[in-house]
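Accompanying notes for the structure given below.
There are 2 protein chains.
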Amino acid sequence: MNNRYCVIMCGGVGSRFWPYSRTDLPKQFIDFFGTGRSLLQMSYDRIQGIVPKENILLVTNRRYAKLIHEQLPDVSDDQILYEPARRNTAPCIAWAAYHINAKNPNAKIMVAPSDHLILKEDEYRRCILRGFDFIENRDVLLTLGIEPNRPETGYGYIQVGDECEGTVKKVKTFTEKPDLELAKVFISTGEFMWNSGMFLWPVKSILAAMRQHASVITDIFETDISAFATDRENEYIESVFPSCPNISIDFAVMEKAPNVYVECVEFGWSDLGTWGALYDNSLKNSEGNVTQKCKALLFNSTDNIIAMKSDKLVVASGLHDYIVADADDVLLIVPKAEEQKIRLYVNEVKLNYGDEYL
Amino acid sequence: MNNRYCVIMCGGVGSRFWPYSRTDLPKQFIDFFGTGRSLLQMSYDRIQGIVPKENILLVTNRRYAKLIHEQLPDVSDDQILYEPARRNTAPCIAWAAYHINAKNPNAKIMVAPSDHLILKEDEYRRCILRGFDFIENRDVLLTLGIEPNRPETGYGYIQVGDECEGTVKKVKTFTEKPDLELAKVFISTGEFMWNSGMFLWPVKSILAAMRQHASVITDIFETDISAFATDRENEYIESVFPSCPNISIDFAVMEKAPNVYVECVEFGWSDLGTWGALYDNSLKNSEGNVTQKCKALLFNSTDNIIAMKSDKLVVASGLHDYIVADADDVLLIVPKAEEQKIRLYVNEVKLNYGDEYL
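Next comes the structure, spelled out in structure tokens:
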């Protein structure tokens with residue numbers, strides 16, 4: 003177990019969850035379900051006992067240092083990697099891998115997002131343990147794939163091949179988010195899983211794969227590889243990290259590497275990437291409405307998600323399939339079907355009003 | 003001119019304008035158009051020079067004393083009649099008439115609501131002066147009727163007869179708010195005016211008409227008629243006023259009296275009774291949207307009125323013909339077509355949550 007590491011990525015801004023998720027309080031820090039624990043805290047809690055506490059690393063932005071220390075008082079500052087710039091998942095994962103490799107070249111790493119919902123924690127822990135077993139003596143990149151239950155267009159998909167060992171299958175292709183027609187085809191073939199963005203790999207394997215398929219990134223990090231896990235590391239990262247390309251690990255490595263496997267899992271997962279995902283995972287009343295932190299009087303209104311940051315009274319009529327989200331200084335009212343456009347709307351907000359509302 | 007009096011009714015709560023109009027700050031006290039003057043202040047301003055300042059009376063509720071003194075510092079406390087209970091317009095007008103009659107039995111009274119919009123003030127003043135002239139030596143009840151420009155279902159209508167003198171015609175009938183079909187018939191006949199709720203009459207005439215058609219009210223006020231305009235008046239009113247029936251002047255007197263006339267006027271009037279009326283009277287952008295006190299980014303959204311009390315950012319998509327009104331602790335989202343139902347919704351709020359949000 004001492005070779006096991008977990009990298010929790012918690013530097014995102016969750017822009018599709020705007021205006022709840024804001025630059026100063028992204029969604030991973032929010033107690034979305036009123037359970038008393040934020041999504042990040044739940045992510046941290048659920049790997050306890052699988053990975054030693056001191057082998058848990060968080061990769062984030064320095065602006066969230068205070069939030070992290072408040073929410074995870076057990077985590078010391080040397081467990082947190084502060085990215086000097088936002089560069090998507092590939093540079094984030096690369097840094098964590100170099101850092102861990104300098105400490106323990108036999109490390110087996112689990113990479114986990116901090117803003118997902120997992121309903122069946124016991125099953126989750128069994129899956130993670132099986133995953134660590136699978137990668138123990140192999141040169142492989144393992145991803146967790148979720149059995150799809152609907153033609154979701156908000157997720158990437160993984161096509162699996164025939165070759166398999168237990169619940170693990172060889173990956174044929176990684177695909178981008180499909181449109182609805184294609185998503186339906188994916189589902190009908192039975193060959194596609196949702197890409198959960200959770201990975202397990204030996205540190206040696208991910209570094210080798212990166213050197214082969216994303217050398218633009220490894221070249222940057224290997225300018226002075228001796229700096230990792232020393233007191234020069236932060237200064238070094240400050241100087242080299244910003245020159246990394248903005249690229250996802252899927253695009254940089256997973257779509258290209260030949261030794262990619264998927265563990266097919268089913269533990270009540272949602273990436274909670276969108277209001278619609280939150281809607282799907284929340285308790286609905288008899289009219290299909292979900293309300294969060296508000297008193298609501300809804301007339302002739304169905305299948306809405308209505309969320310207020312303050313404990314506000316909402317009176318609505320004639321609303322169907324809408325997202326209504328109020329965050330004190332911002333009010334968002336859009337059809338649920340347009341949730342993927344919220345990012346565009348947030349861009350418009352930035353163009354028109356600068357960073358004030360982000 | 004010294005016989006002229008004006009009674010401004012400003013005790014209403016404007017529930018159709020909820021949640022902007024609240025029990026603690028009804029719409030007449032709000033600067034709706036950002037001009038720097040509230041609707042009450044504008045009502046007061048526009049009769050200056052027509053009625054002596056000291057002959058202007060305000061009828062209201064004691065909870066608004068502070069607001070009135072702040073907004074109208076020229077008005078002294080003995081010009082304000084504080085109703086001990088809310089009893090609609092007939093008892094309100096009756097009290098003012100008895101009060102004025104005790105001071106000046108030759109008084110000619112104009113009764114004005116405090117929450118209407120009048121765009122052409124010069125024309126308004128000419129109409130009021132013509133009205134005072136008409137009632138000077140007659141035993142009549144004169145109402146101001148507005149030439150209708152659409153089959154509005156939110157107003158009462160007045161049917162006029164042939165007999166006329168200048169712009170004044172004899173009234174045939176007062177009617178309640180019609181449904182849309184009936185309103186269209188009213189418009190097509192050319193015989194109907196909108197009932198503005200503004201009246202002019204000799205104090206003798208309104209008291210005589212009340213004694214004849216609403217004796218249940220005059221009997222109450224005449225328990226001790228010597229109390230009016232003395233230092234016993236307030237105590238007297240406290241004891242007798244609450245036993246008055248809750249009834250409008252239209253229903254109690256105007257629909258029944260034979261000597262009712264209407265002056266046909268056109269001075270850019272709206273009763274601003276509803277969000278729709280405010281929408282109609284506000285500047286629209288090219289998509290027909292009206293926004294008040296907010297920054298708005300509206301996508302695929304037309305013909306809405308969006309009003310925020312704080313200077314809030316609103317991002318909306320796919321909204322057509324809606325009222326979106328945010329008042330810090332309350333958010334209202336209803337189709338414009340349902341504006342007449344807002345009162346019902348407010349009742350539901352009261353039933354569910356008590357007075358907190360009224």
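Chains as they are written, first to last, in the numbering used here: chain B, 3 to 360; chain V, 3 to 360. Beta carbons: idealized from backbone N, C-alpha and C, even for Gly.
Following the DSSP letters along the chain, one finds V/Thr91 inside the alpha helix (DSSP H) bounded by residues 91-105.
Within its own chain, the residues whose Cβ lies closer than 7 Å to the Cβ of V/Asn106, once the five positions on either side in sequence are excluded, are Asn5, listed in chain order. With a cut-off of 8 Å on Cβ pairs, the stretch 301-318 of chain V is in contact with the stretch 319-336 of chain B, counting three or more such pairs.
With a cutoff of 8 Å on beta-carbon distance, V/Val61 and V/Ile70 are scored as not near each other.
Look at V/Pro244 here: in three-state DSSP terms it is helix.
Within chain V, no C-beta atom comes nearer than 8 Å to that of B/Val53; the closest sits roughly 40 Å away.
Considered as a whole, the stretch 210-278 of chain B harbours 217-223, 235-242 as its complete alpha helix (DSSP H) runs of no fewer than 4 residues, in chain order. Under the three-state reduction of DSSP, B/Tyr66 is assigned to helix. If you check the CB distance, B/Leu274 and B/Leu83 do not come in under 8 Å. One thing to note: V/Glu123 has its Cβ within 8 Å of the Cβ of V/Arg48. Excluding five sequence positions before and after B/Leu182, the CB atoms of its chain that fall closer than 8 Å to its own CB belong to Pro153, Thr155, given in chain order.
Excluding residues up to 5 positions away in sequence, Val15, Leu360 lie with their Cβ nearer than 6 Å to the Cβ of V/Thr25 in the same chain.
Among the residues of chain B, none has a CB under 9 Å from the CB of V/Phe19; the nearest is roughly 13 Å distant. Neighbourhood of B/Gly320 in chain V, by CB distance below 9 Å: Tyr324, Ile335, Val336, Pro337, Ala339, Glu340, in chain order. Residue contact check for B/Val316 against chain V: a CB pair falls below 8 Å. As a beta-bridge residue in DSSP terms, V/Phe301 pairs with V/Ser319.
The CB of B/Glu350 comes closer than 7 Å to the CB of Leu299 in chain V, given here in chain order. Looking only at V/Asn108, V/Ser198, V/Cys12, V/Tyr7, the smallest Cα-Cα distance to V/Tyr66 is reached by V/Cys12.
The three-state secondary structure of B/Glu123, taken from DSSP, is helix. For B/Gln43, the enclosing alpha helix (DSSP H) has its first and last residue at 41-47. B/Ser17 is the residue among B/Asp80, B/Met3, B/Ser17 whose C-alpha sits nearest the C-alpha of B/Asp357.
In the displayed model, B/Arg152 falls within coil according to three-state DSSP, outside both helix and strand. Contacts between B/Tyr359 and chain V, judged by CB atoms closer than 7 Å, involve Leu315 in chain order.
Contact check for V/Phe201 and V/Val113: beta-carbon distance about 4 Å, within the 8 Å limit, so the pair qualifies. At least one beta carbon of chain V lies nearer than 8 Å to the beta carbon of B/Asp331. Membership of B/Tyr359 in any alpha helix (DSSP H) is not indicated, and neither H nor E is assigned to it by DSSP. B/Val205 is positioned such that its CB atom lies no closer than 8 Å to that of B/Tyr263. Annotation for V/Ile189: the continuous alpha helix (DSSP H) segment containing it runs 182-191.
For V/Tyr355, the residues of chain B that pass the 9 Å Cβ criterion are Lys297, Leu299, Leu315, in the order they occur in the chain.
Taking the Cα of B/Lys258 as reference, the smallest distance to any Cα among B/Ser217, B/Ser198, B/Asn283 is reached at B/Ser217. Contacts with chain B at 8 Å (Cβ-Cβ) include V/Tyr347. Bridge pairing for B/Phe194: B/Gln161 [DSSP].
Our two residues, V/Lys311 and V/Asp33, have alpha carbons roughly 11 Å apart in a direct line. Annotation: the continuous beta strand (DSSP E) that includes V/Phe176 extends over 170-177. At a beta-carbon threshold of 7 Å, the residues of chain B lying near V/Asp328 are Leu333, ordered along the chain.
Between B/Ile160 and B/Met212, the C-beta spacing is not below 8 Å.
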